[in-house]
Amino acid sequence: MGTQTLRILLAEADSNQIAVFLRALFPDETSGGEVTVVSTAATLFPSLSLIRPDVILLDVSLDPRDPLELVRRVRRAAPRVPLLVLAGTAQEDIARQAMAEGMPNYLLRDRMSIQALDHAIRSALAGAAPPATLSRDPLTGLLSRQEFLIQAAQRFDGAMRRGGTLVLLCAELQGMDDVSSGRNSAEFEEALGEACAILSGCFRHSDLVARIGTRQFGVLAVNAAEPSLPLIRQRVERRFAMRNELPGCRYPLRLNLGMRYWTPHAEGSLKELIAATIRQLRSQAPAGRDGETAAVLGSL
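Residue numbers (the working numbering): 3 to 302.
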């Protein structure tokens, strides 16, 4: 999916807790993320220009004498880079003061989890921190349809300004009728969870992956090269095929895919890009199913 890597700069003083979580999210070069850790303010500021991070995680205990001023200095040094403030429970008042001055949201180390950190990074990159109950599909944990559209619009505007490229994928899961006729059954949810895990694993951590219907998904990848489209399709189809060939597999899962490539030189809005991708997906839908696909995805 191209060569772009999400560059994360973590400035963490005493504990390596957040570093451990980040390295669990980005275990190697294939995971789409590159984590740099600094442990002093003296090394933090040179690292900003050297690494040119996409997101900064700043522990306020890095400067116990004046932590609020440290946050201000980082903000001035990298005003366009999303900044997440880290604080312990005893430092929450400092983090709240930073928010009162217009700084971004903060995270409490004492209540941190890998999932919460993952969500915070994605929200920071999107320029907002919406409530998790609104931004995530409760069944799968993927982005909700509403949140997908919000973040996709932000990524689209960013690509327009910076000359980036986009790949939009819309997918519909097939084979679910063989699983269960009841969409709320445990078996359906198990199959849906498998499909979400496989699909998410085909993309970079920085890409947007959403559940946008009962069995429909959307993915938006930024700065993916046009020749990667057949490679993406091949990767997705191969991983679902590998799952279906596992011993003891009770039912096959398949995806119909619609994919489009966009550059700032192409005419058209995000809505037109979505419409073109949906048309492609509908053309591949089984007989009698294109109406359902149109009803769900057309609302995008």
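Glycine included, C-beta positions come from ideal geometry on N, C-alpha and C. The structure displayed is predicted, hence computed values, not measured ones.
{"Item": "Pair within 7 Å by beta-carbon distance, R124 and L88", "Value": "no"}
{"Item": "N258 classed as buried or exposed, judged by whether at least 16 other C-beta atoms fall within 10 angstroms", "Value": "buried"}
{"Item": "Neighbourhood of T279 by C-beta, 8 Å cutoff - its chain only, sequence neighbours within 5 removed", "Value": "L170, L171, C172, G260, M261, R262"}
{"Item": "Three-state secondary structure assigned by DSSP to T279", "Value": "helix"}
{"Item": "Limits of the unbroken beta strand (DSSP E) element including C198", "Value": "Careful: C198 lies outside any beta strand (DSSP E), inside the alpha helix (DSSP H) at 188–202."}
{"Item": "For N258, three-class secondary structure by DSSP", "Value": "strand"}
{"Item": "Local conformation of G143 per DSSP, three classes", "Value": "coil"}
{"Item": "Endpoints, the alpha helix (DSSP H) within which D120 is located", "Value": "116–128"}
{"Item": "Bridge-paired residues (DSSP) for D61", "Value": "L88"}
{"Item": "Cβ shell of V40 (< 6 Å), same chain only, five flanking positions each side left out", "Value": "A13, L46, S49"}
{"Item": "Sufficient close CB pairs (3 or more, under 8 Å) joining the stretch 207–217 to the stretch 228–247", "Value": "no"}
{"Item": "Buried or exposed by the 16-neighbour rule on C-beta atoms within 10 Å, applied to G165", "Value": "exposed"}
{"Item": "Cα-Cα separation between L141 and R67, rounded to whole angstroms", "Value": "45 Å"}
{"Item": "Per DSSP, cross-strand counterpart(s) of R213", "Value": "F219"}
{"Item": "V238, enclosing alpha helix (DSSP H) - first and last residue", "Value": "230–246"}
{"Item": "Helix, strand or coil at V83 [DSSP, three-state]", "Value": "coil"}
{"Item": "Beta-bridge pairing of A13 - partner residues as DSSP gives them", "Value": "V40, L60"}
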